[in-house]
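Residue numbers (the working numbering): 1 to 457. Note that the Cβ used here is the ideal one computed from N, Cα and C, for glycine as well. Here the structure is a predicted model, which is why all the values come from computation and not from measurement.
Written as structure tokens, this is what we have:
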């Protein structure tokens, strides 16, 4: 058999299965159907050969009477087209009786064990194409992830948000505390950075009058790899004019519940051994959460002593804010298994959030957690250019003191703010982490098609 370049007018296997299931056993349908897919099973019974054919929609048994199809010279993994009529065997198996077989692509390398699939986790990540091919669960997971992203877009579109695209290559990086990847533009003779966040460009659009904007796209951070960190990751950020962090809290709670319902059919999921209802969120002040663990104090010497007593290495923590961050990551966050919002942060932890009216030492910021894992971060944004410039100056001092994650500042953004930005609520949400929660996956590598891996050499 020669391999043609195309196989037009084909039916999806799932549709042919439905038609076959409606027939009486042993009766062939009146109309010929054309299906195409990969051969993942073969059995012989005299002059009748049975093939298991799989496409994106499902699997069907192909019955190949030799008197109709001729000799069946196919291998497991070959991609073929089949023309024939639907039927149902006496045992009730939906099938297609082949009149014609066409080889569309010939396999050159042997497939993994078709019964057990791919069980080596490292190989599943490195050879995702085989993982998708051999494991139904993997295909299901990434199709579910795609539905999740679509559901997020629908929810924001319906609420009047405009989806935009902002630069990935940026002359200045900002919007988060992280180390960037850098590159060089030859023609411009300029250092550029892969963005670590979309925040500062999106807020320029709020200044420009778009009022409700969002972006779902890749961010890049030159940092460690863990079960919840990948150097490139998919992030949702939205910004809403005439709103604050309280409005953003409510919108986040509603969106997560809606997306879970649309994606999985329920707001209830199982993640990291916990039964979780994503429609029920608890709101806790950060100070109260730390106090519950005996770790709230404004005295850095006292806090360092408390952490050291518990075996936490604080050698590299230079400031009270870094010590508090350690207290959060070691004790508070792991305890937040059910959906929880931590809000009202000390200004030292959140130099780019707006201070509360009641207390300038506390800012209007929240982070939200499921299964002990942060899903995202949100602020009432600073909309005063003088205030923003002073915060950038504070960060510059941090950088001069050796903090490699300090923001370098962005005079162009400060200039944009000088034209006036409405009160604005903004939020970031990790799409990979949300997928982990909805799919019950322990590692971000299970929800990223091609995760970062160490070179095998």
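{"query": "Based on the DSSP secondary-structure assignment, which residues constitute the bridge partners of residue 182?", "result": "193"}
{"query": "Judging by CA-CA distance, which residue of 123, 77 and 97 is the nearest neighbour of residue 108?", "result": "77"}
{"query": "Using a Cβ-Cβ cutoff of less than 6 Å, which residues in the same chain neighbour residue 38 once the five nearest sequence positions on both sides are dropped?", "result": "54 and 79"}
{"query": "Are the beta-carbon atoms belonging to residue 423 and residue 244 less than 8 Å from one another?", "result": "yes"}
{"query": "Grab me the residues of residue 257's own chain with a C-beta within less than 7 Å of its C-beta, minus the 5 sequence neighbours each way, in chain order.", "result": "267, 278 and 279"}
{"query": "Just the Cα atoms here: how many angstroms apart are residue 356 and residue 235?", "result": "27 Å"}
{"query": "Give me whichever residues DSSP pairs with residue 94 in a beta bridge.", "result": "88"}
{"query": "Let me check understanding here. Comparing Cα to Cα, which of 362, 239, 162 and 68 lies closest to residue 349?", "result": "362"}
{"query": "My understanding is that residue 237 touches residue 218, with C-beta atoms under 8 Å, so please give their C-beta distance in whole angstroms.", "result": "Their Cβ separation, rounded to whole angstroms, is 12 Å, which puts residue 237 and residue 218 out of contact at 8 Å."}
{"query": "Looking only at its chain, what residues have a beta carbon closer than 8 Å to the beta carbon of residue 126, apart from the 5 residues adjacent to it on each side?", "result": "453 and 456"}
{"query": "Do you know offhand how far residue 186's Cα is from residue 196's?", "result": "22 Å"}
{"query": "Assuming residue 50 and residue 43 make a contact with CB atoms under 8 Å, what is their CB distance in whole Å?", "result": "4 Å"}
{"query": "Would the region 396 to 403 and the region 425 to 439 be scored as touching if the rule is three or more Cβ pairs under 8 Å?", "result": "no"}
{"query": "Hey, how far is the Cα of residue 436 from the Cα of residue 447?", "result": "6 Å"}
{"query": "Quick check: residue 286 and residue 300, are their CB atoms within less than 8 Å of each other?", "result": "no"}
{"query": "Taking the alpha helix (DSSP H) that residue 399 falls in, what are its first and last residues?", "result": "385 to 400"}
{"query": "At least one CB of chain E closer than 8 Å to the CB of residue 295: is that the case?", "result": "Within the model displayed, chain E is absent; a lone protein chain is all it includes."}
{"query": "Which runs of the beta strand (DSSP E) at least 3 residues long sit entirely within the region 320 to 361? Give them in chain order.", "result": "340 to 346"}
{"query": "When you compare only the Cα positions, how much space is there between residue 313 and residue 413?", "result": "37 Å"}
{"query": "Anyone know if the C-beta pair for residue 85 and residue 25 falls short of 8 Å?", "result": "no"}
{"query": "Below 8 Å CB to CB, which residues in the same chain sit around residue 29 once its five sequence neighbours on both sides are set aside?", "result": "19, 20, 23, 85, 86 and 87"}
{"query": "Verify whether the separation of the beta carbon atoms of residue 215 and residue 163 is less than 8 Å.", "result": "yes"}
{"query": "Do you know offhand how far residue 229's Cα is from residue 97's?", "result": "49 Å"}
{"query": "With DSSP as the reference, label residue 210 as helix, strand or coil.", "result": "coil"}
{"query": "State the beta-bridge partners of residue 33 as determined by DSSP.", "result": "84"}
{"query": "First and last residue of the alpha helix (DSSP H) that includes residue 292?", "result": "286 to 292"}
{"query": "Tell whether a beta-carbon distance below 8 Å holds between residue 35 and residue 82.", "result": "yes"}
{"query": "Cα separation between residue 149 and residue 159?", "result": "16 Å"}
{"query": "What is the C-beta distance between residue 161 and residue 124, in whole angstroms, given that I count them as a contact (C-beta under 8 Å)?", "result": "Actually they are not in contact, since the Cβ atoms of residue 161 and residue 124 sit about 36 Å apart, beyond 8 Å."}
{"query": "Could you check if residue 198 is buried or exposed, using at least 16 other CB atoms within 10 Å of its CB as the buried criterion?", "result": "buried"}
{"query": "Answer with buried or exposed for residue 378, where buried requires no fewer than 16 other C-beta atoms within 10 angstroms of its C-beta.", "result": "buried"}
{"query": "At the level of alpha carbons, what is the spacing between residue 539 and residue 445?", "result": "Since the first residue shown for the chain is 1 and the last is 457, residue 539 is missing from the structure and cannot be characterised."}
{"query": "Just verifying my parser: in three-state terms, what is the DSSP assignment at residue 277?", "result": "strand"}
{"query": "Taking just the CA atoms, how far does residue 366 sit from residue 336?", "result": "14 Å"}
{"query": "Exposed or buried, which one is residue 45 when buried takes at least 16 other CB atoms within 10 Å?", "result": "exposed"}
{"query": "Pull up the distance between the alpha-carbon of residue 318 and that of residue 273, whole angstroms please.", "result": "36 Å"}
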